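Q:
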Amino acid sequence: MALCDRLEEQAREGERLGAELMASLVHVLTETDPDGGGAVEPVGFSADTPSVAAPEQANTSEIPGAKSAHDVFPSEADKRAESKVTSEVDTRFKEAVLVGAIVKAFFDAGGEPIGNFRLQKAVYFARRHNGEHVGQMEYLKKAAGPYNPSMKYSGGIAIAKQKSWLREMRGRFGFGHVPGPAAEEMENWFAKYGFGDPARWVAEHFRFKKNEEWETLATVDYAMEHLQSLGVEADAAQVLQYIRADDEWRPKIEKLRLTEMSVGTAMLEVKALFSAESGDDSV
Numbered sequence: 289m290a291l292c293d294r295l296e297e298q299a300r301e302g303e304r305l306g307a308e309l310m311a312s313l314v315h316v317l318t319e320t321d322p323d324g325g326g327a328v329e330p331v332g333f334s335a336d337t338p339s340v341a342a343p344e345q346a347n348t349s350e351i352p353g354a355k356s357a358h359d360v361f362p363s364e365a366d367k368r369a370e371s372k373v374t375s376e377v378d379t380r381f382k383e384a385v386l387v388g389a390i391v392k393a394f395f396d397a398g399g400e401p402i403g404n405f406r407l408q409k410a411v412y413f414a415r416r417h418n419g420e421h422v423g424q425m426e427y428l429k430k431a432a433g434p435y436n437p438s439m440k441y442s443g444g445i446a447i448a449k450q451k452s453w454l455r456e457m458r459g460r461f462g463f464g465h466v467p468g469p470a471a472e473e474m475e476n477w478f479a480k481y482g483f484g485d486p487a488r489w490v491a492e493h494f495r496f497k498k499n500e501e502w503e504t505l506a507t508v509d510y511a512m513e514h515l516q517s518l519g520v521e522a523d524a525a526q527v528l529q530y531i532r533a534d535d536e537w538r539p540k541i542e543k544l545r546l547t548e549m550s551v552g553t554a555m556l557e558v559k560a561l562f563s564a565e566s567g568d569d570s571v
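So for the sequence shown, the working numbering puts the first residue at 289; every next one is plus one.
(1) Just confirm the distance between the C-beta atoms of A491 and F394, as a whole number of angstroms; I'd bet it's less than 8 Å.
(2) Exposed or buried, what is K430 when buried is set at 16 or more other beta-carbons lying within 10 Å of its beta-carbon?
(3) What is the rounded straight-line gap between the Cα of A524 and the Cα of G482?
(4) So, E383 versus G444, is the Cβ gap smaller than 7 Å?
(5) Do the region 462-482 and the region 444-453 meet, that is, are 3 or more Cβ pairs less than 8 Å apart?
(6) How would you write the range of the beta strand (DSSP E) that H465 sits in, first residue to last?
(7) Jot down the residue ranges of each uninterrupted alpha helix (DSSP H) in the region 369-403, minimum 4 residues, whole runs only, in chain order.
(8) Under 8 Å Cβ to Cβ from F463, same chain only, skipping five residues before and after it: list those, please.
(9) Going along the chain, which unbroken runs of the alpha helix (DSSP H) with 4 or more residues stay wholly within the region 505-546?
(10) Excluding five sequence neighbours on each side, which residues of the same chain lie with their C-beta closer than 8 Å to the C-beta of V572?
(11) If we call anything under 7 Å between Cβ atoms a contact, is R495 one with A389?
(12) Within the continuous alpha helix (DSSP H) that includes R488, where are the two ends?
(13) In the DSSP assignment, find the beta strand (DSSP E) that holds G459 and state where it starts and stops.
(14) What is the rounded straight-line gap between the Cα of A410 and the Cα of A299?
(15) Note down the Cα distance separating E501 from Q526, rounded to an integer number of angstroms.
(16) First and last residue of the alpha helix (DSSP H) that includes F478?
(17) How about Y574 and N418: are their beta carbons less than 7 Å apart?
(18) Below 8 Å CB to CB, which residues in the same chain sit around D534 once its five sequence neighbours on both sides are set aside?
(19) Whole angstroms is fine: what's the gap from R488's alpha carbon to R416's?
(20) Between the C-alpha atoms of C292 and V466, what's the straight-line distance to the nearest angstrom?
(21) Quick check on the burial criterion: 16 or more other C-beta atoms within 10 angstroms. Buried or exposed for P539?
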């Protein structure tokens, strides 16, 4: 029976990988490059993927390697003491490093894989924590979005998997990502780009939230950011109208049970999470 179970799981995994490969092929052939200039570049030919060795050894105190509670969720004083490194995600390789840092942070904290839905949102939250804005990212208003399709097929997730920094496995809640056989290679890149802190921050603030909460906060934050870029300091009614006016996002109102009150509550949480962080970075 154990052998049958393993064979059945292998068959399901083969079907899943086949479907994902076909989706990847369709994406590469049809999806326009967010940076402009034709089809999305296949992961193996990404121009910004370094082929050089890892950076020189950094101070190991900056590398989140231990699994103690203190190392997984360091104190605010420890976080402020970490060196401020330019950590904007401006290449696909940097995105892969951030993806790897987040997968490791969640695995260290709970021992469970993080699925694609959460990993997409976790990268979004980490970048917003770092002070980046929606206009600097490639997230789209898809049904379960904000969603960045290139990250899965030719960007950070694809590159991290190609380099064996992470791998997929089944956990208690389904398939997801865990550190891979070459995960140790990421450690110095975490220190170089300063991605250890935002990865741990996301794990600390979002690990125990439900998927609906992740989606609500990401959706409301995206709407606020977009409206602000248009010069609108939106209130809850305007954010709700923004969501209702979009064909892709309109079903979220029923799915997430969005009302002016719930949107207003999410706006307060978003401001507490990201506005204060941006303010700290500007000091």
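Idealized CB from N, CA, C, for every residue including glycine. Keep in mind that this is a model prediction, so the values were computed, not measured.
A: With the given structure in hand:
(1) About 5 Å separates the two Cβ atoms, so the contact holds.
(2) Flag for K430 reads exposed.
(3) Linking A524 to G482 through their CA atoms gives a straight-line distance of about 34 Å.
(4) Less than 7 Å separates the beta-carbon of E383 from that of G444.
(5) When Cβ pairs closer than 8 Å are counted between the two stretches, the region 462-482 is seen to touch the region 444-453, the count reaching three or more.
(6) Run containing H465: 462-467, per the beta strand (DSSP E) assignment.
(7) Whole alpha helix (DSSP H) segments, 4+ residues: 380-398.
(8) Taken in chain order, the residues that qualify are R304, P401, G403, E456, M457.
(9) Counting only unbroken stretches of 4 or more residues, the alpha helix (DSSP H) elements lying wholly within the region 505-546 are 524-532, 540-543, in sequence order.
(10) Nothing can be reported for residue 572: it is not among the residues displayed for the chain, which extend from 289 to 571.
(11) Going by C-beta atoms, R495 is not nearer than 7 Å to A389.
(12) Here the alpha helix (DSSP H) through R488 covers 484-494.
(13) Note, G459: beta strand (DSSP E), 454-459.
(14) When rounded, the distance between both Cα atoms is 30 Å.
(15) Cα to Cα, E501 sits roughly 20 Å from Q526.
(16) Per DSSP, the continuous alpha helix (DSSP H) segment holding F478 begins and ends at 475-481.
(17) Lying before the first or after the last residue shown, residue 574 is absent from the chain, which here runs from 289 to 571.
(18) The residues are K429.
(19) Looking at the two C-alpha atoms, the distance is approximately 14 Å.
(20) Each residue's alpha carbon lies about 25 Å from the other.
(21) Per the 10 Å Cβ criterion, exposed.
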